[in-house]
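When you line the sequence shown up against this note's numbering, it's residues 87 to 434, in that order. Where a beta carbon is used, it is the ideal one built from N, C-alpha and C, also for glycine. Since this is a predicted model, take the numbers as computed values, not measurements. What follows is a single structure, written as C-alpha cells, with notes after it.
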Amino acid sequence: MAGRRIVVTGAAGSVGRRVVQRLSERDDVEAVVALDIRPVTVVSPKVEAHIADVTLRVIDDFTRGADVLVHLATAFDPRRDGRDATDEDIALSERVLSAARREHVPRLVVLSSAMTYGAWADNPVPLTEEAPRRPNPEFAFAVAKAALEDLAEKHALEHPGTTVTVLRPTTALAEDATSWVARTLRSLTGVDTGAEEPPSQYLHLDDLAAAVELAATGDLDGSFNVAPDGSVDGETVRELRGVAPRVRVPTDLLARLMAFGWRHRLGPTPPGILPYLAHPWVVANDRLRSAGWEPEYTNEQAFVAGTPPRPWAMVTPKRRQQLSLGALAVAVAAAVAGGIFAWRRLRR
Numbered sequence: 087m088a089g090r091r092i093v094v095t096g097a098a099g100s101v102g103r104r105v106v107q108r109l110s111e112r113d114d115v116e117a118v119v120a121l122d123i124r125p126v127t128v129v130s131p132k133v134e135a136h137i138a139d140v141t142l143r144v145i146d147d148f149t150r151g152a153d154v155l156v157h158l159a160t161a162f163d164p165r166r167d168g169r170d171a172t173d174e175d176i177a178l179s180e181r182v183l184s185a186a187r188r189e190h191v192p193r194l195v196v197l198s199s200a201m202t203y204g205a206w207a208d209n210p211v212p213l214t215e216e217a218p219r220r221p222n223p224e225f226a227f228a229v230a231k232a233a234l235e236d237l238a239e240k241h242a243l244e245h246p247g248t249t250v251t252v253l254r255p256t257t258a259l260a261e262d263a264t265s266w267v268a269r270t271l272r273s274l275t276g277v278d279t280g281a282e283e284p285p286s287q288y289l290h291l292d293d294l295a296a297a298v299e300l301a302a303t304g305d306l307d308g309s310f311n312v313a314p315d316g317s318v319d320g321e322t323v324r325e326l327r328g329v330a331p332r333v334r335v336p337t338d339l340l341a342r343l344m345a346f347g348w349r350h351r352l353g354p355t356p357p358g359i360l361p362y363l364a365h366p367w368v369v370a371n372d373r374l375r376s377a378g379w380e381p382e383y384t385n386e387q388a389f390v391a392g393t394p395p396r397p398w399a400m401v402t403p404k405r406r407q408q409l410s411l412g413a414l415a416v417a418v419a420a421a422v423a424g425g426i427f428a429w430r431r432l433r434r
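Here is the structure:
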C-alpha cells in the first residue's frame, strides 16, 4: 500500500519521536500525523505535528482518513515515578480506540508491555505470546497495560476487517531516555533479597521503534513480544554498571520499607514492582523475528547505552568495597533519620 497516512499518539515521547522519524523517512508513507501534549521535535515535510491532549478532546479530526493509528501515548508519565494512573490510562486508550472505530481506521498498533505476563515463580523461561496475561495485581502499570490489551482485542473482534497489532516490549532504555520502571529495576541491582535472582532483559529504544515501524507498515497481526535475544544474569548487569558488592535486605523488609515510603510520599517507587525483581518474566522474540525484525543491540549493549557510568566504575575492587561500605553506612543513617522524621510528622 503506497502513500500511507499514519497517526501517532505520544509522538514527542522517547519512543514516539523515534517512530515518527523512521516513518517520515519511508517512501511508502505520505504523511505522519504526530500528536502529543508536548511539541514534536521531528522536522520533516511529511510530519504534521499537533499539540493535542487525547485524554481531553475528540481526535476524530486527526484520525480521519488515516490508514494506520499507532497508539503510544500513556498516562504513566516517566517523569513522575510510579504514580498510579490506571484509570487515566484506560480512559485515554478508550478514547483513542473509539476514534479509530468511528473513522474506520483499518490498522491499529498498540504499545503494551511484557509486564502484562506478570512476574511469577512458575513462569516458563522464556514466555511466548501464547502464555496467559497475569499481571501482578499490586502493580498498576502492568494492570493498566493488560486492560489496554483487553480493549484492543475487543476492538479486533468487533471489527473483523481491522488489523490490530499489540507489542509487548521488555524494559526499554537508551542514551537519552530511561523510564521510571527501567530506573527502578536498574537501581535495585545491588540489593540481595536472599531469593534466587531471575534473569532480565534490556531493549534499546531504537530497536523498539523499529518494531513499531514494522507493525505500522508490515503485515503483523496479533501480539508480539519485543526483546533482544536471550537474557542477562544479575552478576553481569552489576559488572556492566560497576555496582559495588550487593547489600543483603530481606524481601519482606524491603517490601515494608518501599510501602512505607510510597504511602507517606517518602519514596518514588510503588512496592508492587517488587515481584518483577524476584521472579522471571523473560520473553521470547521468535515470532517478531520471523516477521523480519532484528535487534541491533544485545541486552548488554542496551543496558550500557542507557545507564550512566558510575563514579567507581574504574575503581579497583578493594577500593570499591570500601566505598560501598561507607555508602551503606550513610544510607542506613539516612533511612533511620527519614523514619524518625516521618514518625514525628505522623504523630503531630
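Of the candidates Thr337, Glu386 and Tyr203, the residue whose Cα lies closest to the Cα of Glu282 is Thr337. With at least 16 other beta carbons inside 10 angstroms of its own, Trp367 counts as buried. Rounded to whole angstroms, Glu382 and Asp293 show a C-alpha spacing of 7 Å. Taking the Cβ atoms as the reference, Val182 lies roughly 6 Å from Val140, within the contact range of under 8 Å. Per the DSSP secondary-structure output, Glu134 pairs in a beta bridge with Val119. For Ala135, the CB contacts under 6 Å within the same chain, skipping 5 residues up- and downstream, are Ala120 and Val126 in chain order.
For a cut-off of 8 Å, the C-beta gap from Leu253 to Val298 is around 7 Å, short enough to register as a contact. Residue range Thr249 to Pro255 is occupied by the beta strand (DSSP E) that includes Pro255. The three-state reading of DSSP puts Thr172 in helix, counting H, G and I together. Per the Cβ contact rule, the region 180-196 is in contact with the region 151-158 (3 or more Cβ pairs under 8 Å). Phe225 carries a coil assignment under DSSP once its states are collapsed to helix, strand and coil.
In the three-state scheme derived from DSSP, where H, G and I count as helix and E and B as strand, His241 is classed as helix.
In this structure, the CA atom of Ala302 is about 10 Å from the CA atom of Val250. Counting along the chain, Arg90 sits inside no alpha helix (DSSP H); it lies in the beta strand (DSSP E) bounded by residues Arg90 to Thr95.
Judged by DSSP in its simplified three-state form, Val105 adopts helix. At a Cβ-Cβ threshold of 7 Å, Arg219 and Ala232 count as neighbours. Burial is judged here by how many other beta carbons sit within 10 angstroms of a residue's own beta carbon; Ile145 has at least 16 and is buried. Ranked by Cα distance from Thr322, the options Asn385, Val312 and Lys132 are led by Asn385. The beta-carbon distance between Pro285 and Val318, rounded to whole angstroms, is 6 Å. This is short enough to meet the 8 Å contact definition. With respect to Glu174, Ala161 sits close: the two C-beta atoms are nearer than 7 Å. In terms of Cα proximity to Phe148, the closest of Arg112, Arg188, Trp266 and Ala226 is Arg188. DSSP links Arg193 through a beta bridge to Val154 and Thr249.
Looking at the DSSP output, His290 bridges to Leu259.
Counting only residues of its own chain and dropping the five nearest sequence neighbours on each side, Arg103 has a CB closer than 8 Å to the CB of Ala97, Val126, Thr127 and Val128. Between the alpha carbons of Pro314 and Ala260 lies a gap of roughly 14 Å.
Ranked by how close their Cα comes to the Cα of Gly378, the residues Leu343, Val369, Leu306 and Val333 have Leu306 in first place.
Residue environment for Asp122: buried (at least 16 other C-beta atoms within 10 angstroms of its C-beta). Going by beta carbons, Thr202 and Ala228 fall inside the 7 Å limit. If you check the CB distance, Thr393 and Arg327 come in under 7 Å.
For Ser309, the uninterrupted beta strand (DSSP E) segment begins and ends at Gly308 to Val312. Between Val312 and Pro255 a beta carbon distance of about 4 Å is seen, short of the 8 Å cut, so the two are scored as contacting. At the C-beta level, Leu374 and Phe310 come within 7 Å of one another. In this structure Arg272 is buried. Its beta-carbon is surrounded by 16 or more other beta-carbon atoms within 10 angstroms.
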